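**Student:** Right, I'll just put the structure down here and ask away after.
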Amino acid sequence: MNLLALLLALQAPDTAARVRELAAKADWAALDDLVDLGPAAAAHLEPLAKDDKTGRLACALDQIRFEERMKPRGVRPPKRISVKCENKKSFGVFTDLLRDAGESFDLSAYDPDDQPGAEITLDLKGQTFWRAIDAVCAEARTRIDFYSSPSLDPDDWRDAPRFIFRNFLVRLDGMQMRRTVNFRGPPTSTATFDFYVFADSGAGALHYDSDVRIDAAEDDQGRSLLLPPEPPSDPPAEPGWTSFTTDAMASSVPIAAPAKDAKALRLVRGRVLLAYAKKDHRLAFDRMDAGTTCEAAGLKFELLALEQPDRRFGTSSVRFRVTGAEEKLKAFTDAQVVPRVQLEEGSGTGTAAVSRSKDGVELRVHVGERQHMWAGERRKLVVKSVELQLIEELEVRPFEFEFRDVKLP
Amino acid sequence: MKTLLLLAALLQDPSARIKELIGRLSDENIEERDAAADELVRIGRAALAPLKGLAGSPSGEIRGRAADLVRRIERAEKLKSVLGVPKPVELAWDKKPLREALAEFKERTGLDITCGDAFAAEPVTFSCTGAPAWKALADLCRAHGGLYRNGAMILKGKPSAAPDATERGLYVAIEALTFSRTLEFGGAGSTGANLSVFFAWQTAATPTAVRLELDAFADDRGTDLRGKDRGGQVGNYRITDGTRSLTSGWGGYVMPDDEAAKVSLEGRAVFDFVIEYDRVAFENPAKSRGTVQKGAAFTATLNSLSQFASSAGDQGWMCSIMIESANPNDARVLPEFVVRSGGKVHNVQNWGTSRSGRGGPITHNLRIDAPADAVFTEVVVRMPKDTHREALPFEFKDVPIK
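Those protein sequence lines, which keep their order, are chains A and H.
Following this note's numbering, the numbering of the first sequence begins with 306 at its first residue and continues without gaps.
Following this note's numbering, the numbering of the second sequence begins with 978 at its first residue and continues without gaps.
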């Protein structure tokens, strides 16, 4: 233990005791509490993490340091939520919870005038957002779904395995197994895991790699479900970055089929690659005047036009001409720009699309509407201002998850 | 004796024979009249003028029969131009390098099958006499462990065992059967089966759609695999003009019993052809928005033609056309669209349809692959006016699936 750690231990005996208490529990909810103790806990946790064979305490320690370092970049610890209700319609519980957490979900499967959903009784204290909403969903038999944004479906509850830690919820929805008799070639068989990954607004990640990676998977018969590694490509494949503006992703991951007699999965451990901004610039276009320019990192953006919504197809876009040195333009991709759109009424979403033609490089920001908490509330997509977050350097970090002893359906 | 009479008829002057057959159309015996009518249809085009000359006959029976025969002969002639007569192939290869063999195959059949460099020099020994082209290719694959895929032949060492059938230039083969089991954690899960079917044709015109109709599909444990919803039908695939073959997959079938070792299929591959189109054209479509064009059996309204950009960054043109026809649900009379700018024909994809009211007009939303500065000169809507279905029956017994 170094001197700083010793001093911290002397100054905060309560923290040390709390760290030991939470570390001994070693479940992911306790680790959430542990990470919330912040940098003060790191020195106490370090020696414990070294002796922890599960690797979970090292994961918590890494998370403490990451959250502290990434505070200026929008990464926030999950909000703590309390829910107390007695025989209350679930719709009202959800809307209160989402309002308290400051999160947006699509609740259009509900009719707000009917105050629908099961009546539930709950007393939750100081839970992270995903733990709180997961507990309400389980009680109200409501499924968290995802179309263009996270949504709640009151008619489709399934008790699928969930992994919750910090700002993320990973759900293992199902497995698909296929065997093909090819009459013109050898038979083939394939299997996949189907995952959903949800992030709250404090996650702070800009992009995710839509291929979830599986590091370990084994059934109760001792069979590994990992496929043999594919030969490395040349040049090495880049992650397929997808913008995290939708706050959720679905991923189907190829695996080997479990043994015929398998009744459960002993372990599934994997990771989602997330990309954060390491070095970036903010280019503010406060007015939508054609000809306005901003530049950074050797690239110049000139606002060409604002295309207002086409009523039929419901999108509007802002077009920019991008100029700069040839090698900068050549390397410029969609993943380097995160647009933030301010509408005349509220905030919108923006998706960047880079196109190249004989006239040069153009960036088009496609504008959408942030999903609202319930149906019927729709606003016009009139763009007031756009901020382009130009990423000069990305930081890639895996979010690791695990499922243990999952009973096969 | 019968053969001699037929030979004598063939050697007879055709116009004299036609005259004789026309005379037999008023025979007292109905069987004689029908036989004469059928032979006139077989004679075809040469009989048209004399039959049309009977339009002024005082006999209603003769007038009616002649008009019916004119219709039958004209349709048979049109059908010939659609189906054509497939040329049988004769091949005799003794250790011929595959690439050279495929070049000869193309010359004889018009089917352009390529192969990769890795198989170009592989010696092929194969012979066939009088086989249709697709059947010859399938037999070649069967003999040499070949796999035909996406216009190329690949030698893979295992002889193909795809059950197939061919007739009249039409060919169908079952390529694969896939069994799937979906486990939903906390849910019911499901099982199912998919069929992958290869359709090919060597006809004068490209069919507009193909599908498989199954009268029986069962495993050797007695499980009916057709499924409640499918009714045994595989797809109804629209075909782009000029395509020579299509592999289609369709799910919704029942998974065979775990112990099943074989399956049997019985049914037909159905090929739809268009014999004649009814068409309307919107000239200078950018200035024709809202205009209505009337064809013989349908009315088309050009609702809109505009540029679009999707949130996924996709850009192009969209065109919305509303069509009113007497039979909007008939898959054989689905409209086709041709969009031109000058001499260029643009690729058009149908991005969905919407209907106003039950049995009401159908609006087709088309995506046109064209540059932003395209100046469209014509949008043509053509609707099949006369269609023909050609069925290729098959019976595949005890196909091994283990």
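We put the beta carbon where it would ideally sit given N, CA and C, even for glycine.
Since this is a predicted model, take the numbers as computed values, not measurements.
So what does DSSP say about Trp462 (chain A), is it helix, strand or coil?
**Tutor:** Taking the first sequence and counting its residues from 1, one reaches residue 462 (chain A) at position 157. Note: Trp462 (chain A) maps to coil in three-state DSSP.
**Student:** Which residue wins for smallest C-alpha separation from Ala636 (chain A), given the options A:Glu697, A:Ser662, A:Thr598 and A:Leu609?
**Tutor:** What you label residue 636 (chain A) is simply residue 331 of the first sequence in a count that begins at 1. Taking only the C-alpha atoms, the option nearest Ala636 (chain A) is A:Glu697.
**Student:** Below 8 Å between beta carbons is the criterion; list the residues of the region 456-482 of chain A that meet it against any residue of chain H, in chain order.
**Tutor:** So the list reads Trp462, Arg463, Asp464, Ala465, Pro466, Leu477, Asp478, Gly479, Met480, Gln481 and Met482, given in the order they occur along the chain.
**Student:** Going straight from the alpha carbon of Asn1327 (chain H) to that of Arg624 (chain A), what length do you get?
**Tutor:** For the purposes of this step, residue 1327 (chain H) is taken as residue 350 along the second sequence, with counting starting at 1. For the purposes of this step, residue 624 (chain A) is taken as residue 319 along the first sequence, with counting starting at 1. Roughly 27 Å separates the two Cα atoms.
**Student:** Any Cβ of chain H within less than 8 Å of the Cβ of Arg616 (chain A)?
**Tutor:** Your numbering for residue 616 (chain A) matches position 311 in the first sequence. For Arg616 (chain A), the predicted model reports a pLDDT of 47, less than 50, meaning its position is unreliable; a value from the coordinates is still stated below. For Arg616 (chain A), the answer is no, since every Cβ of chain H falls outside 8 Å of its Cβ.
**Student:** Suppose the cutoff is 6 Å on Cβ atoms and the five residues either side in sequence are ignored; what does the same chain contact list for Ala561 (chain A) look like?
**Tutor:** Counting from 1 along the first sequence, the entry for residue 561 (chain A) is found at position 256. Only Leu530 and Leu532 meet the Cβ criterion.
**Student:** Are the C-beta atoms of Thr1159 (chain H) and some chain A residue less than 8 Å apart?
**Tutor:** Within the second sequence, residue 1159 (chain H) is the residue found at index 182, counting from 1. Output row for Thr1159 (chain H): interface = yes.
**Student:** Identify whether Thr1183 (chain H) lies in helix, strand or coil by the three-state DSSP scheme.
**Tutor:** Along the second sequence, read from residue 1 onward, the residue named residue 1183 (chain H) stands at position 206. Looking at Thr1183 (chain H) - three-state DSSP - the assignment turns out to be coil, as it is neither helix nor strand.
**Student:** Is there a C-beta anywhere in chain A that falls below 8 Å from the one on Ser1137 (chain H)?
**Tutor:** In the second sequence, residue 1137 (chain H) corresponds to position 160, counting from 1. Yes, Ser1137 (chain H) counts as interfacial toward chain A.
**Student:** Who are Ile999 (chain H)'s beta bridge partners in DSSP?
**Tutor:** Within the second sequence, residue 999 (chain H) is the residue found at index 22, counting from 1. Partner(s): none; Ile999 (chain H) has no beta bridge.
**Student:** Please state the DSSP three-state secondary structure of Asp710 (chain A).
**Tutor:** Position 405 of the first sequence, counted from the start, is the residue given in the question as residue 710 (chain A). Three-state result, Asp710 (chain A): strand.
**Student:** In the DSSP assignment, the alpha helix (DSSP H) including Glu631 (chain A) goes from what residue to what residue?
**Tutor:** Here residue 631 (chain A) is taken as the residue at index 326 of the first sequence, counted from 1. Unbroken alpha helix (DSSP H) run through Glu631 (chain A): Glu631 to Ala636.
**Student:** Please confirm if Gly1166 (chain H) has its CB atom under 8 Å from at least one CB of chain A.
**Tutor:** Counting from 1 along the second sequence, the entry for residue 1166 (chain H) is found at position 189. Yes, because at least one Cβ of chain A sits closer than 8 Å to the Cβ of Gly1166 (chain H).
**Student:** Is there contact here, the region 494-512 of chain A with the region 589-602 of chain A, by at least three beta-carbon pairs under 8 Å?
**Tutor:** In short, these stretches do not touch, since the Cβ pair count stays below three.
**Student:** Going along chain A in order, which residues have a C-beta closer than 7 Å to the C-beta of Ala1153 (chain H)?
**Tutor:** In the second sequence, residue 1153 (chain H) corresponds to position 176, counting from 1. Ordered by position in chain A, the residues that pass the 7 Å Cβ test against Ala1153 (chain H) are Thr485, Val486, Asn487 and Phe488.
**Student:** With a cut-off of 8 Å, does the C-beta of Leu713 (chain A) fall near any C-beta of chain H?
**Tutor:** Indexing the first sequence from 1 puts residue 713 (chain A) at position 408. With 8 Å as the cut-off, Leu713 (chain A) counts as an interface residue toward chain H.
**Student:** What in chain A is Cβ-close to Gly1163 (chain H), meaning under 7 Å?
**Tutor:** For this step, residue 1163 (chain H) is matched to residue 186 along the second sequence. Per Cβ cutoff of 7 Å: Arg463, Asp464 and Ala465.
**Student:** For Val687 (chain A) and Leu648 (chain A), what's the separation of their Cα atoms in angstroms?
**Tutor:** In the first sequence, residue 687 (chain A) corresponds to position 382, counting from 1. In the first sequence, residue 648 (chain A) corresponds to position 343, counting from 1. Going from the Cα of Val687 (chain A) to the Cα of Leu648 (chain A) covers about 5 Å.
**Student:** Taking all protein chains shown into account, decide if Ser1036 (chain H) is buried (16 or more other Cβ within 10 angstroms of its Cβ) or exposed.
**Tutor:** Translated into positions along the second sequence, residue 1036 (chain H) becomes position 59. Answer is exposed; the Cβ neighbour count stays below 16.
**Student:** With 8 Å as the threshold, decide whether the Cβ of Pro1140 (chain H) is near any Cβ in chain A.
**Tutor:** Along the second sequence, read from residue 1 onward, the residue named residue 1140 (chain H) stands at position 163. At least one chain A Cβ lies under 8 Å of Pro1140 (chain H).
**Student:** Under the rule that 16 or more other beta-carbon atoms within 10 Å means buried, what is Gln526 (chain A), buried or exposed?
**Tutor:** To locate residue 526 (chain A), count along the first sequence from 1; it is residue 221. Classification for Gln526 (chain A): exposed.
**Student:** Identify, in the order they occur along the chain, each residue of the same chain with its Cβ nearer than 7 Å to the Cβ of Asn1324 (chain H), setting aside the five sequence neighbours on each side.
**Tutor:** Looking up residue 1324 (chain H) in the second sequence gives position 347. Only Asp1346 meet the Cβ criterion.
**Student:** With 16 other CB atoms within 10 Å as the buried threshold, where does Asn472 (chain A) fall?
**Tutor:** Residue mapping note: residue 472 (chain A) aligns to position 167 of the first sequence, counting from 1. Looking at its Cβ environment, which holds 16 or more other Cβ atoms inside 10 Å, Asn472 (chain A) is buried.
**Student:** Under the rule that 16 or more other beta-carbon atoms within 10 Å means buried, what is Ser652 (chain A), buried or exposed?
**Tutor:** Here the question's residue 652 (chain A) lines up with position 347 in the first sequence. Exposed, since its Cβ has fewer than 16 Cβ neighbours within 10 Å.
**Student:** Quick check on Pro455 (chain A): buried or exposed, where buried means 16 or more other Cβ atoms within 10 Å of its Cβ?
**Tutor:** For this step, residue 455 (chain A) is matched to residue 150 along the first sequence. Result: buried.
**Student:** In angstroms with no decimal places, state the Cα-to-Cα distance between Ala1246 (chain H) and Leu1147 (chain H).
**Tutor:** By 1-based counting over the second sequence, the position of residue 1246 (chain H) is 269. By 1-based counting over the second sequence, the position of residue 1147 (chain H) is 170. Computed Cα separation, rounded: 9 Å.
**Student:** If you run the structure through DSSP and keep just helix, strand and coil, what is Pro533 (chain A)?
**Tutor:** Position 228 of the first sequence, counting from 1, holds the residue named residue 533 (chain A). Here Pro533 (chain A) sits in coil by DSSP.
**Student:** Do you know offhand how far Leu1124 (chain H)'s Cα is from Cys1118 (chain H)'s?
**Tutor:** Numbered from its first residue, the second sequence carries residue 1124 (chain H) at position 147. Numbered from its first residue, the second sequence carries residue 1118 (chain H) at position 141. Whole-angstrom Cα-Cα distance: 6 Å.
**Student:** Could you tell me the distance, in whole angstroms, from the CA atom of Gly1128 (chain H) to the CA atom of Ala1349 (chain H)?
**Tutor:** The count along the second sequence starts at 1 and reaches residue 1128 (chain H) at position 151. The count along the second sequence starts at 1 and reaches residue 1349 (chain H) at position 372. The alpha-carbon atoms of Gly1128 (chain H) and Ala1349 (chain H) are separated by roughly 33 Å.
**Student:** Going by beta-carbon coordinates alone, are Ser992 (chain H) and Ile1039 (chain H) separated by less than 8 Å?
**Tutor:** Residue 992 (chain H) sits at position 15 when you count from the first residue of the second sequence. Residue 1039 (chain H) sits at position 62 when you count from the first residue of the second sequence. No. Outside cutoff.
**Student:** Mapping the DSSP letters down to three states, classify Gln432 (chain A) as helix, strand or coil.
**Tutor:** Sequence index remark: in the first sequence, residue 432 (chain A) carries index 127 (1-based). The answer is strand: DSSP assigns Gln432 (chain A) an E or B state.
**Student:** Taking only the alpha-carbon atoms, compute the straight-line gap between Ala414 (chain A) and Ala437 (chain A) and give it to the nearest angstrom.
**Tutor:** Position 109 of the first sequence, counted from the start, is the residue given in the question as residue 414 (chain A). Position 132 of the first sequence, counted from the start, is the residue given in the question as residue 437 (chain A). Taking the straight line from one Cα to the other gives about 20 Å.
**Student:** Identify every residue that forms a DSSP beta bridge with Asp1141 (chain H).
**Tutor:** Along the second sequence, one-based indexing puts residue 1141 (chain H) at 164. Asp1141 (chain H) pairs with H:Ala1150.
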